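Below: one structure, written as structure tokens.
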Amino acid sequence: MWADLVLMDGNVLTMGSSQPSAEAVAVKKDRIVKVGTNEEIRRWIGDDTKVIDLQGRTVVPGLTDSHIHVGDFGKFLMWIDLKDADSIQEMQRRIRERAQKISKERWIIGSGWDQARFAEKRYPNRRDLDEASPDNPVILYHQCGRVCVVNSKALELAGVTKETRAPSGGKIEKAAESGEPTGILREKATDLVWKTIPEPSEEEVMEGASLACKKIVEAGVTSIHWIVTSSTEVQIIQRLRAENKLPLHVYTIIPANLLDQTNSSGSGDNNDRNLGVKVFVDGSLAAHTAALREPYSDDPESKGQLLYSQHEMDALVAKAHKANFRLVMHAMGDQAINITLTAIEKALREAPRKDHRYRLEHASVLNSELIQRIKELGMMVSVQPKCVLSEFSVWSAVERLGSERARWLYPLKTLIKEGIRVAGGSDCPMEPLSPLQGIQAAVTRQFFPEEQITVDEALRMYTINAAYASFEETVKGSIEEGKLADLTVLSGDPTAVPPSKIGDIKVKMTIIGGKVVYQK
Ligand SMILES: [Zn+2]
-19 MWADLVLMDG NVLTMGSSQP SAEAVAVKKD RIVKVGTNEE IRRWIGDDTK VIDLQGRTVV
41 PGLTDSHIHV GDFGKFLMWI DLKDADSIQE MQRRIRERAQ KISKERWIIG SGWDQARFAE
101 KRYPNRRDLD EASPDNPVIL YHQCGRVCVV NSKALELAGV TKETRAPSGG KIEKAAESGE
161 PTGILREKAT DLVWKTIPEP SEEEVMEGAS LACKKIVEAG VTSIHWIVTS STEVQIIQRL
221 RAENKLPLHV YTIIPANLLD QTNSSGSGDN NDRNLGVKVF VDGSLAAHTA ALREPYSDDP
281 ESKGQLLYSQ HEMDALVAKA HKANFRLVMH AMGDQAINIT LTAIEKALRE APRKDHRYRL
341 EHASVLNSEL IQRIKELGMM VSVQPKCVLS EFSVWSAVER LGSERARWLY PLKTLIKEGI
401 RVAGGSDCPM EPLSPLQGIQ AAVTRQFFPE EQITVDEALR MYTINAAYAS FEETVKGSIE
461 EGKLADLTVL SGDPTAVPPS KIGDIKVKMT IIGGKVVYQK
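Numbering (the working numbering), first residue to last: -19 to 500.
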């Protein structure tokens, strides 16, 4: 029996229990048939076998992103990126390029410009944009996100004229002589145009999602847990799958408001998996809306915001539990985590289920009591390690929570020591997509470094643990015989390079189900 594909002369990190490393892998159809030494694998090479010489490169199991907003990521990718535009002329060139590709009524949206970088040394205005796009409405956000420039078509559609008065907290810039809007809108006035932009059509969402999937595969990711925001997105996943346009494995997580119209099973593309259901229990620490037991240290008036009472939470959790959905609970503050655990404790007492794999998403502010309860319930925790960095650098967590609570922000090492399974994700597009950057963040965190984890532990978050979260650890998550041939080839070995360089490792090849879907 010959293999269809073999990878030779590599540094294979299998993440498997019996054989942690190997030199080569043989693949037949979509499965791994043999993992071993070059010598052992050479016997699998026949006349029709495709042979890839890895030249010593590192291979890891195909990576999984267990928390990604593909719809939003797709929308974002459809925007024009102006972060590196160094002139208004360049900005115009990119608008023209986009306008040529799309129909006239469609909006051109962009972000990231900064007049300080422009060769012209001035703000762009509506005339600059009109020259590039007289027909398509255009809105381009400044890199700060609170200022935008729009063209005449956009002003017309929004009904903004020289008579329009700015909403309070906003400013419509007007030319000194004519009094006509210049196209620059500030703060609340940006909403005047933003709110007139129609929701993207199903075709546009499809286009964005396809683009997103392409980027995801380029990042070495072979499986995603797609956090869905609408029923349109559910249909899009089904359409992409039916039209064979999904290059990677998708585990669907639907929002709780779609519970009633959805069946709990049958979303799988490989086996009969259950569907995740995401419940927002609170908001975010950054916005002071994560629900805390005690007030915020930098806002003693506020404890954040629970989106459900205990009673409502109990009912919702019991309903999803009985319908056999997999609970995926967004809970950041300790009070949100507390009411979530209480509801799950009750649901499991009433209708026990051993292997539920219910998840807490983020689980940012923990403490030893909550950790013990998570452990006793047999729950998983899904963390986006890049957020750990953001929480500490964008604003000071110590200031916001006090040092006592900040100590227990994303305590990855403690969770792992307690035997709690932790899965890794990106929260893209809010945070960067790259799992390697996520691994670096988890390994190198500087605040409370006692919670740093090892590269091996971080790799597990994105491989075998993520596979476990979607009940797929028997087919994915490690390079072992019989499993799906999902493999990621890297330019460097994350376990060997200095930890601060892990994020710089490049993805050289992504193989999904034995097919090379990306190659650089
Ligand atoms: Zn998210």
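Beta carbons: idealized from backbone N, C-alpha and C, even for Gly. Bear in mind that the values here come from a model prediction, so they are computed numbers and not experimental data.
Query, Result
"Tell me whether Thr232 is buried or exposed, calling it buried when 16 or more other Cβ atoms sit within 10 Å of its Cβ.", "buried"
"Given a cut-off of 8 Å, decide if Gln364 and Ser514 are closer than it, judged by their beta-carbon atoms.", "Given a span of -19 to 500 for the chain in the structure shown, any question on residue 514 remains unanswerable."
"Once you ignore the five residues that flank Leu137 on each side, which residues in its own chain have a CB closer than 7 Å to its CB?", "Pro117 and Thr176"
"What residue range is occupied by the uninterrupted beta strand (DSSP E) comprising Arg339?", "Arg339 to His342"
"Looking at ligand 1, does it come within less than 7 Å of His205, judged from the CB to the closest heavy atom?", "no"
"Okay, do the stretch 82 to 89 and the stretch 99 to 108 touch, 3+ Cβ pairs below 8 Å being the bar?", "no"
"With a threshold of 6 Å on Cβ separation, who are the neighbours of Arg126 within its own chain once the five nearest residues in sequence on each side are excluded?", "Glu167"
"Which of the three DSSP states, helix, strand or coil, is assigned to His291?", "helix"
"Measuring alpha carbon to alpha carbon, tell me which residue in Ala300, Glu182 and Ser132 is nearest Leu239.", "Ala300"
"Express the C-alpha separation of Gly188 and Met58 in angstroms, rounding to a whole number.", "6 Å"
"Secondary structure at Cys408, three-state DSSP: helix, strand or coil?", "strand"
"Out of Ala449, Thr443 and Glu453, point me to the one whose CA is closest to Gly200's CA.", "Thr443"
"Measuring only the C-alpha atoms, how far is Lys355 from Val368?", "22 Å"
"Put Asn224 into one of helix, strand or coil per three-state DSSP.", "coil"
"Let me know the secondary structure DSSP gives Pro365 once reduced to three states.", "helix"
"Leaving aside the five residues before and after Val129 along the sequence, list all residues of the same chain whose C-beta is less than 6 Å from its C-beta, in chain order.", "Pro104, Leu120, Gly163 and Ile164"
"For Glu47, verify whether its CB is less than 7 Å away from any heavy atom of ligand 1.", "In the sequence under discussion, the amino acid at residue 47 is His, which differs from the Glu named in the question. Yes, Cβ of His47 sits closer than 7 Å to a heavy atom of ligand 1."
"Nearest to Asp110 by CA position, among Pro227, Ile68, His205 and Ser91, is which residue?", "Ile68"
"Taking CB distances under 8 Å as the criterion, tell me whether Met(-19) reaches chain C.", "No chain C is part of this structure, which consists of one protein chain only."
"Report yes if the C-beta of Asp27 is less than 7 Å from at least one heavy atom of ligand 1; otherwise report no.", "no"
"So does Asp262 have its beta carbon nearer than 7 Å to some heavy atom of ligand 1?", "no"
"Quick one: does the C-beta of Asp407 sit closer than 7 Å to a heavy atom of ligand 1?", "yes"
"Per DSSP, which one or two residues make a beta bridge with Ala403?", "Ser362"
"Please work out which residues of its chain come closer than 8 Å, Cβ to Cβ, to Leu226, disregarding the five sequence neighbours upstream and downstream, and give them in chain order.", "Cys193, Ile217, Leu220 and Asp249"
"Does DSSP put Lys194 in a helix, in a strand, or in coil?", "helix"
"What's the call for Ser46, buried or exposed, on a 16-neighbour Cβ count within 10 Å?", "buried"
"Exposed or buried, Tyr498, counting other C-beta atoms within 10 Å across all chains shown (16 or more means buried)?", "buried"
"Which residue from Asp436, Val402, Lys366 and Pro178 puts its Cα closest to that of Gly418?", "Lys366"
"Since Ile354 is in the alpha helix (DSSP H), which residue starts that stretch and which ends it?", "Ser348 to Leu357"
"Would DSSP call Met62 helix, strand or coil?", "Residue identity check: residue 62 is Leu in the sequence provided, not Met. Here Leu62 sits in coil by DSSP."
"Which of helix, strand or coil does DSSP assign to Arg106?", "helix"
"Cβ of Leu255 within 8 Å of Cβ of Thr242?", "yes"
"How would you write the range of the beta strand (DSSP E) that Ser46 sits in, first residue to last?", "Leu43 to Ile48"
"So what's Ile177 in DSSP terms, helix, strand or just coil?", "coil"
"Look at Leu(-13) and Val5 and say whether their C-beta atoms are less than 8 Å apart.", "yes"
"Inspect the beta-carbon positions of Ile154 and Ala169 and report whether they are closer than 8 Å.", "Here residue 154 is Lys; the residue named in the question, Ile, does not match the sequence. Cβ distance not < 8 Å, so Lys154 and Ala169 don't count as in contact."
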